[in-house]
Each structure stands twice: as structure tokens, then as C-alpha cells.
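**Student:** The following block contains the structure, expressed as C-alpha cells.
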Amino acid sequence: MSAFLQWLSTLPSLVQVPVVIGAFLAVVGLLLFFIELAPRPGRKYTIIRMVACVILPLGMVAILDSYTWAIIGAGFLGLLLFWFDNRSRHGAGHLFQLVGFLSPAAILLVAGLIVPTIQTTAQSFMNSRGDQFVGLENFIWIFTQPQGVRTVLNTVAWVLLAPALSTIAGLAYAVFIDKSRGENFFKILVFMPMAISFVGASIIWRFIYTARPADQDQIGLFNQLIVWMGGEPVQFLQVEPWNTLALIAVLIWVQTGFAMVILSAAIKAVPIEQLEAAELDGANAWQRFANVTLPNIRSSLVVVLTTISIASLKVFDIVRTMTAGANDTSVIANEMYTQFRNFESGRSAAFAVVLFLMVMPIVIYNARQINKQRELR
Amino acid sequence: MSRSRHGRFIALMAAAGVAVLALSGCGGGPGVPAATTSAGTATGGTPTEKSEVTIYGTIADAEAKLLEQSWADWAKENNIDIKYESSKEFETQIAVRAQGGNAPDLAIFPQPGLLGDLATRGFLKPAPAGVAANVASGWSDDWAAYGTVKGTLYGAPLMASVKGWVWYSPKEFKEKGWEIPTTWQGVLDLTAKIEADKGKAPWCAGFGSGDATGWPGTDWVEDLVLRESGKDVYDQWVANGVKFTDPQIKAAFEEAGKILKNPKYVNAGYGDVASINATAFGDVANVLVKGDCSLHHQASFFSGFITDAGGTVGPDADVWAFILPSKDGKGSSVTGGGEIVGAFSDDPAVVKVQEYLASADWANSRVKLGGVLSANKGLDPANASDPLLKEAVAVLQDPNTTFRFDASDLMPGSVGAGSFWKGMVDWINGSDTDAVLNQIESGWPSS
Chain R
1 MSAFLQWLST
11 LPSLVQVPVV
21 IGAFLAVVGL
31 LLFFIELAPR
41 PGRKYTIIRM
51 VACVILPLGM
61 VAILDSYTWA
71 IIGAGFLGLL
81 LFWFDNRSRH
91 GAGHLFQLVG
101 FLSPAAILLV
111 AGLIVPTIQT
121 TAQSFMNSRG
131 DQFVGLENFI
141 WIFTQPQGVR
151 TVLNTVAWVL
161 LAPALSTIAG
171 LAYAVFIDKS
181 RGENFFKILV
191 FMPMAISFVG
201 ASIIWRFIYT
211 ARPADQDQIG
221 LFNQLIVWMG
231 GEPVQFLQVE
241 PWNTLALIAV
251 LIWVQTGFAM
261 VILSAAIKAV
271 PIEQLEAAEL
281 DGANAWQRFA
291 NVTLPNIRSS
301 LVVVLTTISI
311 ASLKVFDIVR
321 TMTAGANDTS
331 VIANEMYTQF
341 RNFESGRSAA
351 FAVVLFLMVM
361 PIVIYNARQI
371 NKQRELR
Chain P
1 MSRSRHGRFI
11 ALMAAAGVAV
21 LALSGCGGGP
31 GVPAATTSAG
41 TATGGTPTEK
51 SEVTIYGTIA
61 DAEAKLLEQS
71 WADWAKENNI
81 DIKYESSKEF
91 ETQIAVRAQG
101 GNAPDLAIFP
111 QPGLLGDLAT
121 RGFLKPAPAG
131 VAANVASGWS
141 DDWAAYGTVK
151 GTLYGAPLMA
161 SVKGWVWYSP
171 KEFKEKGWEI
181 PTTWQGVLDL
191 TAKIEADKGK
201 APWCAGFGSG
211 DATGWPGTDW
221 VEDLVLRESG
231 KDVYDQWVAN
241 GVKFTDPQIK
251 AAFEEAGKIL
261 KNPKYVNAGY
271 GDVASINATA
281 FGDVANVLVK
291 GDCSLHHQAS
301 FFSGFITDAG
311 GTVGPDADVW
321 AFILPSKDGK
331 GSSVTGGGEI
341 VGAFSDDPAV
351 VKVQEYLASA
361 DWANSRVKLG
371 GVLSANKGLD
381 PANASDPLLK
391 EAVAVLQDPN
401 TTFRFDASDL
411 MPGSVGAGSF
421 WKGMVDWING
431 SDTDAVLNQI
441 ESGWPSS
């Protein structure tokens, strides 16, 4: 990879653009080719798959300057999977195959999720050097230092406000533009912020909130509007508790598009017969929406709400970029990072555990909802 | 299953196996660090071998260019390629990079406390013999102590700055007949007088500094703790013997607050008290040069910012400075800062660079370029050309001067580069002093 980039840097800048785009398209095309190929039965496809399993990882490893062992490992895995694939066509060794195919995912899950969870929990009961058991001291610290409770409460505020407001905004927007002329255009307008990273969005909004002294030119949009209307510039990011709301607005701005797209698709799937039947029964527009549309899109609403709830529980980039937690705007994820980089791994882990406990109910609820939907089908 | 099919399968396996072996064999050096590969291209293992040393620090922009210039000749002579990288998020990033296994070869720590954090956790290498010898011959015991953690020397001081200067316009003072104050009460009286004469805020302040926002505020508090309560309280405060919640520390906050939290006294050219947090510390030079602001508290390095803003520095020039006076006007107490170079690697090339940076040769080479000081004994005072730096040298060399290193830089990172900075921001923003002091104290490490 680095060799490719170095070679690229020697080219004139105008040539680099088509090369980069070409490489990108080639990779995307290759991925689509194999995705398309995967479900097809037959020996020819098996062979192509097998070659891909070996050659692709090998190629990657060679390009990435990685370790010799990785090459052997990838080749071994490819052959193993090919062998399982081959056996399965003869209907032999069902359990054997199951274990064989699941084990890579299982190993990754254990190494990437279960072990770290246990490690973090253990660390949250240790001191900052991780060499002494301190019991609940780190948790007591979180809930007794002046800003600790505030940090947790801010996180709760995020999780209450951001999902509700962005879902309501997205739903309203989806309903109003439904079947209107230029619907796609309106959708794109609101969906566009989704394409901006949280850090990018935060920088944009930090400029929008910027305040300059009254006698200087304002560079922030909001304060310019306030000054034009004869007001005094406001330090949006410093006036507590409104600064937390100013930060939440950024997440809402980003997530409304997501809510709108999912809910718009759900609204389109509402059976037209039910709406017509309700209309014949004399239901007005609001009654049709509340009694027909809403129950029909309930499962989508749950998905949207829980997804945004989880996003707002672990919000970090927005707070870090805009205030770094100053002026009582800190949230758990930001404190987690701050403590970690100050070598307070125990306190950092304790924050992580608190966050984990807060996310759990939402994740469990979401999983149960998805299960219920499967049963209905 | 037909025999031919089986055969083909085996052939395929064999072909793949050969491919694996061939690729793994021809891979040769994948995974070998780039430094070694580039070294391998040079001839043999002679001292002319060219190698790369990475240095990471907070010194940025124009200052970084001077830094690179200061070692350019030496690096060329010794055929060592020094790559300097700067970041205003150094304090955050160095810990993350060290813990993530992506540390630079050398790091220039502006905070001995942070150096101590990394040293006691085993990330840093103890100073090699050559560096230790240079430290022993070049620096006083006080300065050597800043690079020493639990009895082991980890690095040599690099540059030094004297803090606690109050910047003002000599011309304006002469015109209006204002006098340089000699006591802290005199500073407050002068402030009131200027406010009455000009009808606008005399002081300007800017605490903005990215992730490090708030540090200029800690300098205010440190200066006042040293001047109001003396060096013993100051030393105990650094060691957490005197807590932030102690009345003596609270008194320093309140004295500083008489200026910083009074909307009539700040923030000249920028608006209300809260604008202190939103103003970048370097931007203040602009209003100071323009004359919107009459008084500003900042370390000796600020002369570089004034020059950048188009002003001149000198006793009869646009802007000049006096040391913030002590409580009773007797003797002078100053706080100061400096950098310590710590090493994450003990590669011979890295050791060579570290030794050079610890030498008087380097100190002279850098100070000659202007803008900074070094506390190295081998420094030729004639090399300090800037009038302010000459003044700073005089302050440092005066036997009556009580010198103390910046307290927040000596405290552990979780306080010095954490809760103290954040506490200053909250305090300026209007939080209650007791609540802020509690919050800062709670940042002290658990063990």
C-alpha cells in the first residue's frame, strides 16, 4: 500500500486523480464480483472462490508489507475453508463444518469484544497503575467529585433529547415531503449532513456559534443574525446549561437525515388500502396518521430511536471538538478519554463500565424487538 | 467421486501451497521497520551510517523552524536525519502514542510532571551516560532535578523561559504619567487608575490554546501563590501537601480574580470576562500592539508574538515588560518554564542526538537564533540578543531572585495538564471559586 502511495506521489497531480478513482472503482468492482459470486453453486465458482480466498489475502499482505506468518495463515485459512466447502457438497460432517465456518467469527468476537469487556471491568476496580485492588473507589470518585455527576447527567440529557428531537424532526419532514414534487431533492438536502463526519460537523457548527465582541465583525452566523436584529453577541458554547443544548443540536442536525430516510421508506410501505379505508370511514388527516401510519411504522420508529440513542450515549467527537468538556458540557465518553490520556486507567475504565451499563438496556430492548419482528414474519 | 476430480483437487492444493511458500519466501523483509531498511542501504555499520531520529514536541510554526535550524548543521555533519513533528495537542497525544506503541524517538516535554508520568510507567529510557555527564556539567541541581524522576535522570533541560512578565507600552505610560508598580497592591491601584483615566478595561487576557485552553490562567495563580504565600507553600502545593482547597491557594485565586473576573478590568479589545476563554493566547499580541490594551501578563516567549504582530520590543520601543512585583515589594520571585527531552528509544543515533541537545553547543546555537533562553551554564550571555532576554538573564542570575518552575508543569498530568487547566476555564466562565478548587483537587491521581 505504502509503495503504491509513494509511486502515486511521483506522478503529476492531475494524473493522480484518475489513478486514485480507478483504483477505488477496481476495488469496489472486485468486491461486488465476489459478493455476486458467493451464493452460486458449482465447482467452477468454488474454484474461483478458493483462488480468491488465497490470492486476495496474499496480495493484500504483500502490498501492505505485513508479516510472513500472515501470508501462511491466510493461505491456510483459505485452503481450510475450501476443504469445508468441498465436503459440504457431499453432505458430510455437518457439525464439523459449522464449527469450522463459525470459528473465525467466534475467535474475533472473543478477542475483540468479550475479553476487552472483562478486562475493562477488572480494571475499573484497580488503581491508576493497575497494580492494586481499590474496590469501588473509582465509581465513588465518579459520583462524588463535583463534575462527575454532571457528566453523567449531561449524557442522560443527550440520550433523552437527541433521539426524540431528531426522530420527530425526521418523521415530520418525511410525512410532509411524502409524494410531493421534488421529493428526492428535499430528501437529499436533509440527508447530506449524514455524509459529514462528526468532527467535520462540529467544526462547521463551532463557526456558526462563534461570537466576536459587539464592535467587531461577526464571523458566526447566529451572532451575525442577533447583531442584525440589534442584540448583543452571545457566547453559545460558554453559557451553561444552554451550551449542552447547542452541542446536542449538532447531533440532531446530523441524525435527522438518517431518521428521515428510514421513516420515509417505512411510510411508503404502509398499505394504501388501509389509508383509503380509514378515509372512507371519515378519518381526517391527523387521525389517519395517528391510527394507520404510526402503528404501521412502529418497528422502524423503534429502530431509529434506539440507533440514535446509542449514538448519543457514546457521543465523543462533538464534545471533544467543540468544547473539550469545558464549561460543564462533558459527557462520559469524553471523560473516559480524558482520564485515559492522564494515565488514570482505573477511572477511565470505571466511566466505560458506567457507559456500558447505560447502553445495555437499549441494546437488549433493540435485540428483543428485532426478534419479535422475525417471529411475526 | 472420480479419480480425475480428486487429482485435480490435489493439484490445486499443491499449486496453492507453492504460491504460499513462494510469496512468503520472496516477501523477505515485510514487517521490518523502515528505519532499518533505510540504514541497510548505507555502506556497512560505520559511523557514517545515515539514520533517522524522530522528535515530537509542542514547539510549532516559526519557533519550530528556528529549532530545526539550530541542529541542521550538526545533523548534516553527523549524517543523522532529524525529523521534527510538532503538535498543539502534544500533552494529549504523547500519552496516547506511548500507550499505543507509536512513540517518537525523542519527545520535548514542556512539563516535567508529564515526563514523570511516562517515566514511572516504564515508557521512557533513563538518560544515557553522555547526557548525564552533560547535565552534571551544564545545569544547576534545581534544573537537573526537573529531569529526574525518583532518583533516576531521564533527560536534560532544553530551553527556559521566565514567566510573570507584565507587558505594557512605555510610551503610553510616559504620556499618562503612570508608574511601574513595585507591590501587588500597586498593580491593583495602577489598574484602577488606568481604568479611570482611559474609561476602558486596562488588562487583556487570552486563555485559548486548543486542548490546552486554560494554561495561561494557571500562570496567574502560580505567580500569585509564590508571591503571596512564599516558596515553601509553593513547594508543598506542587507536592499536594498544600491542597487546592487550602485558604492560601484560594487567596491566590481571589487576588487574580480581582483583575481577571472584574468586567471593568478585562478584557480590553475582546469584550467581557468570558471572552478570555475564547481568545487565543497569542492573538492578544495584536490588541497590545494596537494600543487597545494597556497591560498583559505572559511569559518571556511573548516577545516573539509581539514581533509577529508588527510591534517592537524594548524599553523605549512599542512594548516592554516588568516582572509582576511581590507582595511587599522586596526581592523578586519568578516562576519559569522549560522543556525536558525524554527518550523512548536507546538507538545509538537517538542517543547521539540526545547528547547533542544536552550540550552547551546546542544551547548557544539555538539562543543565537533569538527568542529563547537556556539555563545551561555554558551559554554565552552575549548570544542573547533580544533586550527582554538580556533582562531575563539578569533576573535569573540575580542572587536575590527566588526561582520556581511552573507549578502546573510539575504536577502530575491529570492535574497540571488536566483538571487545573479545565478549572481555570470554568472559573473564568463564572463558576464558584470553591467548586472549581474542589474540582481541581479531585483530579489528583488516585495513587
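Going line by line, the protein sequences match chains R and P. Counting from 1, one number per residue, gives the positions in the first sequence under full-length UniProt numbering. Counting from 1, one number per residue, gives the positions in the second sequence under full-length UniProt numbering. We put the beta carbon where it would ideally sit given N, CA and C, even for glycine. Please read all numbers here as calculations on a predicted model, not as lab measurements.
Does the segment 151-166 of chain R come close enough to the segment 211-218 of chain R to have 3 or more Cβ pairs within less than 8 Å?
**Tutor:** No contact exists between the segment 151-166 of chain R and the segment 211-218 of chain R.
**Student:** Compare the C-beta of T244 of chain R with all C-beta atoms of chain P and state if any pair is closer than 8 Å.
**Tutor:** So, not an interface residue.
**Student:** Which word fits W7 of chain R, buried or exposed, when buried means at least 16 other C-beta atoms lie within 10 angstroms of its C-beta?
**Tutor:** Classification of W7 of chain R: exposed, given that the 10 Å Cβ count is below 16.
**Student:** Between the Cα of D292 of chain P and those of P:Q298, P:D283, P:S326, P:V238, spot the shortest distance and give me the residue it belongs to.
**Tutor:** When only C-alpha atoms are compared, the closest one is P:D283.
**Student:** Flag this pair as touching only if the segment 368-376 of chain P and the segment 82-100 of chain P have three or more C-beta atom pairs under 8 Å; answer yes or no.
**Tutor:** No, the segment 368-376 of chain P is not in contact with the segment 82-100 of chain P.
**Student:** Can you confirm whether T213 of chain P, when its beta carbon is compared against all beta carbons of chain R, has any partner nearer than 8 Å?
**Tutor:** It does: the Cβ of T213 of chain P has a partner Cβ on chain R nearer than 8 Å.
**Student:** Considering only residues of the same chain and omitting the five flanking positions on each side of K125 of chain P, which have a CB-CB separation below 6 Å?
**Tutor:** Cβ within range, chain order: A343, D346.
**Student:** By the three-class DSSP mapping on this structure, what secondary structure does I194 of chain P have?
**Tutor:** Looking at I194 of chain P - three-state DSSP - the assignment turns out to be helix.
**Student:** DSSP state of residue 402 of chain R, grouped into three classes?
**Tutor:** Because residue 402 of chain R is not part of the residues shown, which for chain R are 1 to 377, the question remains open.
**Student:** If you measure between the beta carbons of T213 of chain P and V425 of chain P, is that distance less than 8 Å?
**Tutor:** Yes, these two residues count as a Cβ contact at 8 Å.
**Student:** Below 8 Å between beta carbons: does that hold for E347 of chain R and A95 of chain P?
**Tutor:** The displayed chain sequence assigns Arg, not Glu, to residue 347 of chain R. For R347 of chain R and A95 of chain P, no; Cβs fall outside 8 Å.
**Student:** Consider the Cβ of N342 of chain R: report whether some Cβ of chain B lies at a distance smaller than 8 Å.
**Tutor:** The question asks about chain B, but that chain is absent: this structure's protein chains are R and P.
**Student:** In the segment 145-158 of chain R, which residues sit with their C-beta less than 9 Å from some C-beta in chain P, listed in chain order?
**Tutor:** From the segment 145-158 of chain R, only Q145, P146, Q147, G148 have a Cβ closer than 9 Å to chain P.
**Student:** Should G338 of chain P be labelled buried (16 or more other beta-carbon atoms within 10 Å of its own) or exposed?
**Tutor:** Under this definition G338 of chain P is a buried residue.
**Student:** Could you have a look at T401 of chain P and say whether DSSP puts it in helix, strand or coil?
**Tutor:** Correct three-state label for T401 of chain P: strand.
**Student:** Kindly say whether E137 of chain R, judged by its beta-carbon, lies nearer than 8 Å to any beta-carbon of chain P.
**Tutor:** It does; some Cβ of chain P falls within 8 Å.
**Student:** Are the C-beta atoms of S414 of chain P and some chain R residue less than 8 Å apart?
**Tutor:** Chain R contact via Cβ: present.
**Student:** Ends of the beta strand (DSSP E) at T54 of chain P?
**Tutor:** Per DSSP, T54 of chain P belongs to the beta strand (DSSP E) from 51-57.
**Student:** Please go through the same chain and pick out, in chain order, the residues whose beta-carbon is closer than 6 Å to the beta-carbon of F258 of chain R, but skip the five residues on each side of it.
**Tutor:** M194.
**Student:** Since N184 of chain R meets chain P, which of its residues come closer than 8 Å, beta carbon to beta carbon?
**Tutor:** Within chain P, no residue comes near N184 of chain R; the closest Cβ sits about 41 Å away, beyond 8 Å.
**Student:** So what does DSSP say about Q132 of chain R, is it helix, strand or coil?
**Tutor:** Coil, per DSSP.
**Student:** Where does G337 of chain P fall in DSSP's three states?
**Tutor:** The answer is strand: DSSP assigns G337 of chain P an E or B state.
**Student:** Along the chain, where does the beta strand (DSSP E) containing Q238 of chain R start, and where does it finish?
**Tutor:** Unbroken run through Q238 of chain R: none, as it is neither H nor E.
**Student:** Residues in its own chain within less than 8 Å of L171 of chain R by CB, not counting five upstream and five downstream?
**Tutor:** Closer than 8 Å at the Cβ level, and outside the excluded window around L171 of chain R, lie A259, M260, L263, L301.
**Student:** List the residues of chain P that A326 of chain R touches, going by C-beta distances under 8 Å, in chain order.
**Tutor:** Residues of chain P passing the Cβ test: T213, G214, N277, K422, V425, D426, N429.
**Student:** Do A388 of chain P and A285 of chain P have their CB atoms nearer than 8 Å?
**Tutor:** A small correction: the amino acid at residue 388 of chain P is Leu; Ala does not occupy that position in the sequence shown. Their beta carbons are not under 8 Å apart, which means L388 of chain P does not touch A285 of chain P by this criterion.
**Student:** Could you give the distance in angstroms between the alpha-carbon of A22 of chain P and the alpha-carbon of I72 of chain R?
**Tutor:** Low confidence applies to A22 of chain P: its pLDDT is 41, below 50, so where it sits in the model is not reliable, and the reading given next is rough at best. Spanning the two alpha carbons is a distance of roughly 10 Å.
**Student:** Return yes when the Cβ of S365 of chain P is within less than 8 Å of the Cβ of A280 of chain P, no when it is not.
**Tutor:** Not a contact, by the Cβ cut-off of 8 Å.
**Student:** If you pair each beta-carbon of the segment 49-65 of chain P with each one of the segment 100-112 of chain P, do three or more pairs fall below 8 Å?
**Tutor:** At 8 Å Cβ cutoff, the stretches touch.
**Student:** By a C-beta neighbour count over all protein chains shown, 10 Å radius and 16 as the cutoff for buried, is V17 of chain R buried or exposed?
**Tutor:** So V17 of chain R ends up on the exposed side.
**Student:** Are the CB atoms of F289 of chain R and V190 of chain R within a distance shorter than 8 Å?
**Tutor:** No, they are not a contact pair.
**Student:** Does any CB atom of chain R fall closer than 8 Å to the CB of S442 of chain P?
**Tutor:** Output row for S442 of chain P: interface = yes.
**Student:** Determine, using beta carbons only, whether V134 of chain R comes closer than 8 Å to chain P.
**Tutor:** Answer yes: the Cβ-Cβ gap between V134 of chain R and chain P drops below 8 Å somewhere.
**Student:** Determine the contact status of D73 of chain P and K163 of chain P, defining contact as a CB-CB distance below 8 Å.
**Tutor:** Their beta carbons are not under 8 Å apart, which means D73 of chain P does not touch K163 of chain P by this criterion.
**Student:** Kindly indicate if chain P contains any beta-carbon less than 8 Å away from that of V127 of chain R.
**Tutor:** It is Asn, not Val, that sits at residue 127 of chain R in the sequence shown. Interface residue, yes.
**Student:** Compute the distance between the beta-carbons of L313 of chain R and M336 of chain R, then report whether it is under 8 Å.
**Tutor:** It is not a contact, given that the beta carbons lie outside the stated cut-off.
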